[in-house]
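Written out below as structure tokens is the structure these notes cover.
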Amino acid sequence: MSLPRRLGWIPGGILIALLIWFTFSVWGADRPIGASTAISYMGGWLFGLQESEYFQKIKGSGAWEVLFLIGVLIGGSFTSLFITKTFKFRVLPPLWRKHKNESVASRLIWSFIGGFLVVFGARLAGGCTSGHFLSGASQTAVSGLIFGGVVIVVLIVTGRLFYKNL
Amino acid sequence: MDFDIVRFISTTLELVEKQNHGSIGVILLIGIIFGVVIQWSRVDTFDKIAGFAMLHGFKVPKMLFLAIGIASVGLYFMIKMGWAHYHVKPIMVGGLVIGGTLFAIGMAILGLCPGTGPVAVSEGNIDVAVGLVGGIVAGALFTYLYPELKGIMGPDLGKVTLTGLLGESADWFIFLYGAALIAVAFLLPNREIEEEVGEV
Chain A
0 MSLPRRLGWI PGGILIALLI WFTFSVWGAD RPIGASTAIS YMGGWLFGLQ ESEYFQKIKG
60 SGAWEVLFLI GVLIGGSFTS LFITKTFKFR VLPPLWRKHK NESVASRLIW SFIGGFLVVF
120 GARLAGGCTS GHFLSGASQT AVSGLIFGGV VIVVLIVTGR LFYKNL
Chain B
0 MDFDIVRFIS TTLELVEKQN HGSIGVILLI GIIFGVVIQW SRVDTFDKIA GFAMLHGFKV
60 PKMLFLAIGI ASVGLYFMIK MGWAHYHVKP IMVGGLVIGG TLFAIGMAIL GLCPGTGPVA
120 VSEGNIDVAV GLVGGIVAGA LFTYLYPELK GIMGPDLGKV TLTGLLGESA DWFIFLYGAA
180 LIAVAFLLPN REIEEEVGEV
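Right, here's the structure in full:
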């Protein structure tokens, strides 16, 4: 099989657009793509918060997104093993090494903090890149456009301040 | 902490079956395609996402803007034909600004977001798995604090879309909107950081 080892941004973007159409359509799931609700849903389960107001509010989407993310894990590991052949256990991203430091402990602590902020922020905002950007902006939703604007600006400012030797 | 995996799975499947949002097979398929496309285009790496935060590479925004530009036009007409429906999130001003800020700081540091993160975990990135643990703790803490946090998330300005505001003229506006997003995708620099994509 001679599949390309990489998808460029054009085929990648077109395929994601097709997936958005299928997911929204009545023949697909008749709902948007989303990922971050699943993380709080799992947190709610692990910490026994199933009776709380928020868990009750999101349990439907949370459960849907858990299944979606299981599919993502299957698709991602299959592709990394057989198509891109990039599967490998690793801790320090090359760019982190170059622009932050060479410490595994530092990377793991910052990863925890980063993951914490990502999910806490996504829950405050009511969505993440998938829910607000891919799904929201595709519907011309003003909430998604505000989220996208704030995120792009803060992302670049953080990049300037947090990393060095840019 | 008492976590019963069997009850978790059975309740989750039950919750999914109760809603009319696709069969379990269809949902898994949507996830698999998402995982394949994201992994195959390698936008699930720290180098691509934090690399954009450092303005070193632009594959992630190029792909995002192209996807949204194409999807928006088709989706508009699909909804008109009754083949799809709007699922619009409300404008919660405080939540969007504070949440978007925290989200973006975290995304620049972790180098991933909730959709791409699991793809990065699936190809063996242990640091991202630790980030996922941080995310689960945050999800639980948010769930616990939600009654207190509701106050800062407002005011709720409603579920507003640009096409909804424009009424009739949205039929031509949507082409402008889609074309503008696609133009942004093409105008962003072609610079990429392919050789640093963490294959070592």
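Heads up: the protein sequence lines correspond to chains A and B, in order. Just so you know, we're using numbering that gives the first Met the number 0 here: the first sequence kicks off at 0 and counts up by one. Just so you know, we're using numbering that gives the first Met the number 0 here: the second sequence kicks off at 0 and counts up by one. Beta carbons are placed, not taken as given, at the ideal position from N, Cα and C, and that holds for glycine.
Could you tell me the distance, in whole angstroms, from the CA atom of residue i to the CA atom of residue j?
| i | j | result |
| --- | --- | --- |
| residue 114 of chain B | residue 22 of chain B | 21 angstroms |
| residue 90 of chain B | residue 49 of chain A | 27 angstroms |
| residue 112 of chain A | residue 160 of chain A | 16 angstroms |
| residue 99 of chain A | residue 151 of chain A | 21 angstroms |
| residue 110 of chain B | residue 79 of chain B | 38 angstroms |
| residue 150 of chain B | residue 140 of chain B | 16 angstroms |
| residue 137 of chain B | residue 168 of chain B | 43 angstroms |
| residue 133 of chain A | residue 171 of chain B | 21 angstroms |
| residue 12 of chain B | residue 190 of chain B | 43 angstroms |
| residue 92 of chain A | residue 76 of chain B | 42 angstroms |
| residue 81 of chain A | residue 165 of chain B | 47 angstroms |
| residue 177 of chain B | residue 138 of chain A | 11 angstroms |
| residue 52 of chain A | residue 147 of chain B | 11 angstroms |
| residue 108 of chain A | residue 102 of chain A | 10 angstroms |
| residue 33 of chain A | residue 20 of chain A | 14 angstroms |
| residue 155 of chain A | residue 49 of chain B | 9 angstroms |
| residue 18 of chain A | residue 156 of chain B | 29 angstroms |
| residue 186 of chain B | residue 52 of chain B | 18 angstroms |
Give a yes or no on whether 8 angstroms exceeds the smallest Cβ distance from residue i to chain A.
| i | result |
| --- | --- |
| residue 62 of chain B | yes |
| residue 76 of chain B | no |
| residue 102 of chain B | yes |
| residue 150 of chain B | no |
| residue 153 of chain B | no |
| residue 46 of chain B | yes |
| residue 159 of chain B | yes |
| residue 41 of chain B | yes |
| residue 147 of chain B | no |
| residue 79 of chain B | no |
Please state whether the Cβ-Cβ distance between residue i and residue j is less than 8 angstroms.
| i | j | result |
| --- | --- | --- |
| residue 124 of chain A | residue 116 of chain B | no |
| residue 127 of chain A | residue 136 of chain A | no |
| residue 147 of chain A | residue 31 of chain A | no |
| residue 140 of chain A | residue 88 of chain B | yes |
| residue 153 of chain A | residue 83 of chain B | no |
| residue 36 of chain A | residue 103 of chain B | no |
| residue 180 of chain B | residue 71 of chain B | yes |
| residue 1 of chain A | residue 38 of chain B | no |
Return no unless some Cβ of chain E is closer than 8 angstroms to the Cβ of residue i.
| i | result |
| --- | --- |
| residue 104 of chain A | The displayed structure is made up of protein chains A and B, and chain E is not among them. |
Are the C-beta of residue i and some C-beta of chain B separated by less than 8 angstroms?
| i | result |
| --- | --- |
| residue 79 of chain A | yes |
| residue 76 of chain A | yes |
| residue 1 of chain A | no |
Problem - At least three beta-carbon pairs within less than 8 angstroms, the segment 43–55 of chain B to the segment 45–65 of chain A - result: When Cβ pairs closer than 8 angstroms are counted between the two stretches, the segment 43–55 of chain B is seen not to touch the segment 45–65 of chain A, the count staying below three.
Problem - Residues within the segment 125–139 of chain A neighbouring chain B, beta-carbon criterion of under 8 angstroms - result: So the close ones are 125, 126, 127, 128, 129, 130, 131, 132, 133, 134, 135, 136, 137, 138 and 139.
Problem - Interfacial residues, the segment 35–57 of chain A to chain B, with Cβ spacing under 7 angstroms - result: Sequence-ordered contacts of the segment 35–57 of chain A with chain B read 35, 38, 39, 41, 42, 43, 44, 45, 46, 47, 48, 51, 52, 53 and 54 [C-beta pairs closer than 7 angstroms].
Practice task
Report yes or no: do the segment 123–132 of chain B and the segment 113–120 of chain A share at least 3 C-beta pairs separated by less than 8 angstroms?
Solution key: Segments in contact, yes.
Practice task
Could you tell me whether the segment 62–76 of chain A touches the segment 29–41 of chain B, where touching means 3 or more Cβ pairs closer than 8 angstroms?
Solution key: Touching, yes, given that three or more Cβ pairs across the two stretches are closer than 8 angstroms.
Exercise for the section: Could you tell me whether the segment 8–19 of chain A touches the segment 57–66 of chain B, using the rule of 3 or more Cβ pairs below 8 angstroms? Expected result: The segment 8–19 of chain A and the segment 57–66 of chain B touch, with no fewer than 3 CB-CB distances between them shorter than 8 angstroms.
Problem - Chain-ordered residues of the segment 164–177 of chain B with a beta carbon less than 7 angstroms from chain A - result: If the cut-off is 7 angstroms between Cβ atoms, the segment 164–177 of chain B has 176 near chain A.
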